[in-house]
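Participant: Sequential numbering of the sequence shown, starting at 513, is according to the numbering used here.
Note that CB positions come from ideal geometry on N, CA and C, so glycine has one too.
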Amino acid sequence: MTTMISSLAFLSSIAFGIVAAQDDNGGPFNLCTGDNCENCPVSLASAGTGYPNCVVYNSQDVFPNHTPAFAGGVGGGWGPYIDVLQPDPTCQIIVKSPANTEDEGCGKIIASFSQPTCALVNLKETFMVQFCCGNDDCKAAGASVKRSDGQGGAYFLKDVNGTIIPPAQFGPMVTAKSEKAKKSTRPALASSLLAKRGGACTKNSWVADAGQESYTRPADGSQIVYDSVAAGQTVTITEERSVSFTQTLSASFGFEDIVDIGVSFSVSEEQSESKSLMFTAPAGQSGSVDFTPTLRCSTGTGTCDNGNLHGEVCSGFKDSTGKLAGEYTVVVHD
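1) Roughly how many angstroms separate the alpha carbons of Val801 and Glu839, rounded to a whole number?
2) Can you tell me whether His845 is buried or exposed, with buried defined as 16 or more other CB within 10 angstroms of its CB?
3) Taking C-beta to C-beta, are Ser762 and Leu836 nearer than 9 Å?
4) Taking Glu751 as part of the beta strand (DSSP E), name the residues at either end of that continuous run.
5) Leaving out five residues on either side along the sequence, give the residues of the same chain with a beta carbon under 8 Å from the beta carbon of Asn612.
6) In or out: Ala719 buried (at least 16 other Cβ within 10 Å) or exposed?
7) Spatial neighbours of Gly744 within its chain, please: CB distance less than 8 Å, with the 5 preceding and 5 following residues excluded, ordered by chain position.
8) Give the list of continuous beta strand (DSSP E) stretches no shorter than 3 residues that lie fully inside the region 574–652.
9) Which same chain residues end up closer than 6 Å to Asn542 when comparing Cβ atoms and leaving out the 5 residues on each side of it in sequence?
10) Which of the three DSSP states, helix, strand or coil, is assigned to Asp769?
11) Tell me whether Thr811 is buried or exposed, calling it buried when 16 or more other Cβ atoms sit within 10 Å of its Cβ.
12) When the Cα of Val672 is compared with those of Ser778, Glu782, Thr545, which residue comes out closest?
13) Along the chain, where does the beta strand (DSSP E) containing Gly819 start, and where does it finish?
14) Between which two residues does the beta strand (DSSP E) harbouring Val843 extend?
15) Just verifying my parser: in three-state terms, what is the DSSP assignment at Gln572?
16) Is it a yes or a no for the region 723–733 touching the region 779–789, going by three-plus beta-carbon pairs under 8 Å?
17) Does DSSP classify Asp802 as helix, strand or coil?
18) Among the candidates Asp721, Gly774, Val843, whose CA atom is the shortest distance from the CA of Ser798?
19) In whole angstroms, give me the CA-to-CA distance for Phe582 and Ile622.
20) Give a yes or no on whether the C-beta atoms belonging to Gln642 and Val607 are separated by under 9 Å.
21) Which residues does DSSP pair with Val741 in a beta bridge?
22) Any idea what DSSP makes of Met685, helix, strand or coil?
23) Glu751 to Asp739, Cα distance in whole Å?
24) Hey, out of Ser734, Glu550, Gly814, whose CA is closest to Asp772's CA?
25) Applying the criterion that 16 or more other CB atoms from any shown protein chain within 10 Å of the CB defines a buried residue, is Ala712 buried or exposed?
26) Hey, quick one: how far does the beta strand (DSSP E) through Pro730 stretch, first residue to last?
27) Can you check whether the CB of Asp721 is closer than 9 Å to the CB of Thr758?
28) CB-CB under 7 Å to Pro628, same chain, minus the five flanking residues each way: which ones, in chain order?
29) Taking 9 Å as the threshold (C-beta atoms), are Asp769 and Leu632 in contact?
30) At a cut-off of 8 Å, would you count Thr602 as near the ligand NAD, judging by its Cβ distance to the nearest heavy atom?
31) Tell me whether the beta-carbon of Ile749 lies closer than 9 Å to the beta-carbon of Leu807.
32) Compute the beta-carbon to beta-carbon distance between Pro592 and Leu635, rounded to the nearest angstrom, for a pair I have assumed lies under 8 Å.
33) Below 9 Å between beta carbons: does that hold for Phe803 and Val741?
34) For Gln735, is the classification buried or exposed, using 16 other Cβ atoms within 10 angstroms of its Cβ as the cut-off for buried?
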């Protein structure tokens, strides 16, 4: 804990020095309380940490105690408006929430902007704002965010008095653990994962870590299931949704290797759903509709290839209504 506090204090002091050297004309974006983006008590404190570091904030540390107040978000959280000024050519500002330095890409992309705009973003308990630049390197929200020219990073924030807001987490971006699904494409099962090796893991050898026997989490990738929806519009989603099992015990293991390892829930090689459904975009949000599957997971140790291997095993599942478990959200675009 002492190390984390000391690190945050050090980072805050760096950010403060950068702020002092900047003029007060504003940065690439501000966070505002209303849809006219006139009252913006939270703004950019520094130009970034250097890609691919991530700066994650607790929403509770940023949005309370402002007048006028920031509004609540859909389903809890907060609903600030982001005032995006003109980014540099070929650059994008990307909003992720929830965010965590241990997650792929440091969080779930909920918005991306390449032009000036004032847009509502629904933030969960944690969030971060990131930027990247370069032709074909910054993909639209819902696709991988890649960089090749050494520009980009994540932002530190300050309040209306110029006080640096300490981040909750700071660290490097986690390397992608799975390919994100693209439009009209079901997430592919890698051939190395499907290879049948006669069951490399001993049946019922799984010993879960304490408190990690069975839990749910969002999948690492999302699938674009509807190209463009306007704020408040109701659309019919017909795109097939699917999710494959994942495991981190060994890159060479396939489904047949771990199916009988003995986790406490049923593991499926793949779950899918093609039944159409209605989706209504929240007020103030327009863009593409993403589906992020929910995985049921267990972390522990199994006996595989005559040795003990530690890792995570996850599977998609259907909810009590027979629908593929997951979340449909609007990824806001300018």
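Facilitator: Quick answer:
1) Near 10 Å, if we compare the C-alpha coordinates of Glu839 and Val801.
2) By the beta-carbon neighbour count (other beta carbons within 10 angstroms, threshold 16), His845 is buried.
3) In this structure, Leu836 does not lie closer than 9 Å to Ser762 by Cβ.
4) Following the DSSP letters along the chain, one finds Glu751 in no beta strand (DSSP E), marked with neither H nor E.
5) Hits under 8 Å: Val568, Cys618, Gly619, Thr638, Gln681.
6) Rather than Ala, the amino acid found at residue 719 in this sequence is Val. By the neighbour-count rule (16 or more Cβ atoms within 10 Å), Val719 is not buried but exposed.
7) Closer than 8 Å at the Cβ level, and outside the excluded window around Gly744, lie Thr792, Ala793, Pro794, Ala795.
8) DSSP runs (the beta strand (DSSP E)) wholly in the region 574–652: 593–596, 603–611, 619–625, 629–632, 638–645.
9) The beta carbon of Asn542 is closer than 6 Å to those of Cys552, Ser555, Asp595 in its chain, skipping five residues each way along the sequence.
10) It is helical.
11) It counts as buried.
12) Nearest to Val672 by alpha-carbon distance, out of Ser778, Glu782, Thr545, is Thr545.
13) 819–828 is the span of the beta strand (DSSP E), which, as asked, contains Gly819.
14) 838–845 is the extent of the beta strand (DSSP E) around Val843.
15) Helix, per DSSP.
16) At 8 Å Cβ cutoff, the stretches do not touch.
17) In the structure shown, the three-state DSSP call for Asp802 is strand.
18) Considering only alpha carbons, the answer is Val843.
19) For Phe582 and Ile622, the distance between alpha carbons rounds to 18 Å.
20) Yes, Cβ-Cβ distance for Gln642 and Val607 is below 9 Å.
21) DSSP lists Gly799 as partners of Val741.
22) In the structure shown, Met685 sits in coil (DSSP, three-state: anything other than H, G, I, E or B).
23) Rounded to whole angstroms, Glu751 to Asp739 spans 10 Å at the Cα level.
24) Nearest C-alpha to Asp772: Gly814.
25) Buried is the call here.
26) Here the beta strand (DSSP E) through Pro730 covers 727–730.
27) Not a contact, by the Cβ cut-off of 9 Å.
28) Counting only residues of its own chain and dropping the five nearest sequence neighbours on each side, Pro628 has a CB closer than 7 Å to the CB of Val596, Leu597, Gln598.
29) Contact annotation: Leu632 and Asp769 have beta-carbon atoms that are not nearer than 9 Å.
30) Absence of the ligand NAD from the depicted structure is noted, as is the absence of any ligand whatsoever, leaving it without description.
31) In this structure, the beta-carbon distance from Ile749 to Leu807 does not fall below 9 Å.
32) The pair is a contact, with the Cβ atoms about 7 Å apart (cut-off 8 Å).
33) Cβ distance not < 9 Å, so Phe803 and Val741 don't count as in contact.
34) Gln735 is buried by the Cβ-count criterion.
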